[in-house]
Amino acid sequence: MTHTTYDSLSGRTALVTGAASGMGEATARLLAAQGVRVALLARRADRLTDLAAKITADGGQALAVPTDLTDQDSVDAAAERVRTAYGRVDLVVNAAGVMLPNPVTDGRADEWQRMLDTNVTGVLRVIRAFTGDLIATAAAGGTADLVNISSIGAHVPFPNYAVYGATKAALTYLSQSLRTELGPRDVRVTNIEPGLTDSELASHVDNAELSGQLDGMFEALTGLASEDVADLIAYTTSRPRHVNLRQAVLLPTRQA
Numbered sequence: 000m001t002h003t004t005y006d007s008l009s010g011r012t013a014l015v016t017g018a019a020s021g022m023g024e025a026t027a028r029l030l031a032a033q034g035v036r037v038a039l040l041a042r043r044a045d046r047l048t049d050l051a052a053k054i055t056a057d058g059g060q061a062l063a064v065p066t067d068l069t070d071q072d073s074v075d076a077a078a079e080r081v082r083t084a085y086g087r088v089d090l091v092v093n094a095a096g097v098m099l100p101n102p103v104t105d106g107r108a109d110e111w112q113r114m115l116d117t118n119v120t121g122v123l124r125v126i127r128a129f130t131g132d133l134i135a136t137a138a139a140g141g142t143a144d145l146v147n148i149s150s151i152g153a154h155v156p157f158p159n160y161a162v163y164g165a166t167k168a169a170l171t172y173l174s175q176s177l178r179t180e181l182g183p184r185d186v187r188v189t190n191i192e193p194g195l196t197d198s199e200l201a202s203h204v205d206n207a208e209l210s211g212q213l214d215g216m217f218e219a220l221t222g223l224a225s226e227d228v229a230d231l232i233a234y235t236t237s238r239p240r241h242v243n244l245r246q247a248v249l250l251p252t253r254q255a
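Each step along the sequence shown adds one to the number in my numbering, with nothing skipped, and position 179 is 178.
Here you go:
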């Protein structure tokens, strides 16, 4: 897959969560290819180390930072490590997420908590750790971006995806509200809502019937690739600093 070259990104410093796979990995690869120093955050250290090595071999700069977003101490330690290595971060991509669909009547409170801890509280922990960097960058005249990857499920209901959709609706609202706080300080906030996308999210599903439904949707709709989402993120964050592409819904043509 070929992408437009986004020259204005060169020299920036990005932090990407969920970088071990899917949209996070694709975004880290593309940003690094455009000359961005990329801090890679995820739980799986081996995957991060391999990705950092590949980016470096291709001439980019990447730092593997194994992190558990559900643990505040882990996020704080990651922030310290990133700043020690790279200094201030000016581009944050919240790509980490988990999708565990099941009927609400199943009462799987452990799954609900895991989705809330990662999809909502995990994002808030990252925002808490790096918003100061973004504000300082913007105050110094630089371009500062916060990109949150939500889902079309934030406002289009699907049976058995109620709690997942609720976490993404929270993220979409959070992005909207943060814009009122950070926009006047020249920090851009972008919320991206992909539709059916080929990523590891589908592998989280432990319900055979719902897994089959997803497989059928991919066959019928030809889902997006993670690289499609990464390309949109690179486009969005490479605009002039006074331009905020605030909300983007990205769907396969057959799903639109």
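Beta carbons are placed, not taken as given, at the ideal position from N, Cα and C, and that holds for glycine.
Fair warning: this is a prediction, and the values are worked out from it, not measured in the lab.
For Leu173, the uninterrupted alpha helix (DSSP H) run begins and ends at 161 to 181, by DSSP.
Closest option to Asn101, judged by alpha-carbon separation, among Tyr163, Val125, Val146: Tyr163. Listed in chain order, the non-local C-beta contacts of Val88 below 6 Å within the same chain comprise Thr12, Leu14, Phe129, Asp132, local neighbours out to five positions each way being set aside. For Ser7 and Thr142, the gap between their C-alpha atoms comes out near 10 Å.
Cβ neighbours of Met114 within its own chain (closer than 7 Å, five residues either side excluded): Val97, Leu99, Val162, Tyr163, Thr166. The C-alpha of Val122 is placed about 20 Å away from the C-alpha of Ala108.
A straight line joining the alpha-carbon of Arg178 with that of Ala19 spans about 28 Å. Shown here for Asp116: same chain residues with a beta carbon closer than 7 Å to its own, the five before and five after excluded, namely Thr69 in chain order. In terms of CA proximity to Gly58, Val37 leads the group Gly140, Val228, Val37.
Taking Ala61 as reference, the option from Arg80, Ile232, Val35, Ala41 with the minimal CA-CA separation is Val35.
Assignment of Asp72 by DSSP, reduced to helix, strand and coil, places it in the helix class.
Cβ neighbours of Trp111 within its own chain (closer than 7 Å, five residues either side excluded): Val162. A direct Cα-Cα distance of roughly 6 Å separates Gln33 from Tyr5.
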